[in-house]
Amino acid sequence: MSQTTKHPSIEPRDHRAFMEYAVEQARHSPPGPDKFCVGAVLVNGDTGEILSTGFSMELPGDIEGDLGTTHAEQCCFIKVAQQHDLPIAKAETHIGPVLPRHTVLYTTMEPCNARLSGKRTCCDRIVALKAQLRTVYVGMREPSTFIVDNDGKQRLESEGIGFEMVEGCYDMCREAALAGHG
Numbered sequence: 001m002s003q004t005t006k007h008p009s010i011e012p013r014d015h016r017a018f019m020e021y022a023v024e025q026a027r028h029s030p031p032g033p034d035k036f037c038v039g040a041v042l043v044n045g046d047t048g049e050i051l052s053t054g055f056s057m058e059l060p061g062d063i064e065g066d067l068g069t070t071h072a073e074q075c076c077f078i079k080v081a082q083q084h085d086l087p088i089a090k091a092e093t094h095i096g097p098v099l100p101r102h103t104v105l106y107t108t109m110e111p112c113n114a115r116l117s118g119k120r121t122c123c124d125r126i127v128a129l130k131a132q133l134r135t136v137y138v139g140m141r142e143p144s145t146f147i148v149d150n151d152g153k154q155r156l157e158s159e160g161i162g163f164e165m166v167e168g169c170y171d172m173c174r175e176a177a178l179a180g181h182g
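Below you can see the structure in the form of structure tokens.
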């Protein structure tokens with residue numbers, strides 16, 4: 001299944017512009033008091049080509065062999081798998097060979113390293129791609145609303161994956177994340 005989506009043209013390493021695009025994705029996430037609205041953008045770090053985008057709950061959850069609601073980062077990986085006719089369950093275990101060598105991920109919130117459901121975390125999914133995905137750019141750390149002491153930053157850095165906060169983006173990421181929290 002091949003998908004064609006028109007993305008904006010953004011200069012490589014224009015971290016604020018990529019984060020603003022991730023926030024646009026987050027705003028598509030259905031708001032609710034029991035979740036965060038997160039957006040993500042997977043990018044060829046050398047050329048600035050946007051490989052895929054995702055937002056929380058964009059795609060159906062409970063894919064056979066990969067249960068749980070879909071998080072923004074997972075949606076990015078599933079879309080790459082779909083573009084290359086690869087299995088979508090645990091897409092991160094299949095897409096490495098088709099990703100550019102210097103792939104980066106922009107996400108409005110720190111990737112989860114624990115889930116209340118006990119399902120596979122975004123950090124686990126990112127670590128599975130660490131040969132290609134070397135840096136994660138983040139708009140805000142995860143608040144302790146649902147998971148106390150999410151240590152996504154520590155987990156990624158311990159695996160040799162860069163974790164970079166994008167300056168000046170916290171407020172817009174927080175506003176999008178807390179939609180539906182009243």
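Quick note: full-length UniProt numbering has the sequence shown finishing at residue 182, numbered continuously throughout.
For glycine and all other residues, C-beta sits at the position ideal for the given N, C-alpha and C.
These figures come from a predicted structure and were not determined experimentally.
Reduced DSSP secondary structure (H/G/I, E/B, other) of D171: Here residue 171 is taken as the residue at index 171 of the sequence shown, counted from 1. Helix, per DSSP.
Take every Cβ of the stretch 88-107, pair it with every Cβ of the stretch 49-63, and state whether three or more of those distances are shorter than 8 angstroms. yes
Output the distance between the C-alpha atoms of T47 and F36, rounded to the nearest integer angstrom. What you label residue 47 is simply residue 47 of the sequence shown in a count that begins at 1. What you label residue 36 is simply residue 36 of the sequence shown in a count that begins at 1. Those two C-alpha atoms are separated by around 30 angstroms.
Inspect the beta-carbon positions of A131 and A26 and report whether they are closer than 8 angstroms. On the sequence shown, position 131 is the one that residue 131 refers to. On the sequence shown, position 26 is the one that residue 26 refers to. Taking 8 angstroms as the Cβ cut-off, A131 and A26 do not qualify as a contacting pair.
Would you be able to state if there are at least three C-beta pairs under 8 angstroms between the stretch 78-90 and the stretch 17-31? no
Beta-carbon spacing of A128, C76 below 8 angstroms: Residue 128 sits at position 128 when you count from the first residue of the sequence shown. Residue 76 sits at position 76 when you count from the first residue of the sequence shown. Taking 8 angstroms as the Cβ cut-off, A128 and C76 do not qualify as a contacting pair.
Using DSSP with H/G/I as helix, E/B as strand and the rest coil, what is A91? Along the sequence shown, read from residue 1 onward, the residue named residue 91 stands at position 91. Helix, per DSSP.
I'd like to check one pair, G139 with T108: are the Cβ atoms closer than 8 angstroms? Here residue 108 refers to the residue found at position 108 of the sequence shown. Here residue 139 refers to the residue found at position 139 of the sequence shown. Against a cut-off of 8 angstroms, the Cβ pair of G139 and T108 comes out as a contact.
Going by DSSP, what residues sit across from A40 in a beta bridge? Residue numbering aside, residue 40 sits at position 40 when the sequence shown is read from its first letter. For A40, which the question treats as bridged, DSSP gives the partners G54, T107.
Pick from M165, V104, D66, I161: whose alpha carbon is nearest that of A91? Translated into positions along the sequence shown, residue 91 becomes position 91. Checked all of M165, V104, D66, I161; the closest Cα to A91 is D66.
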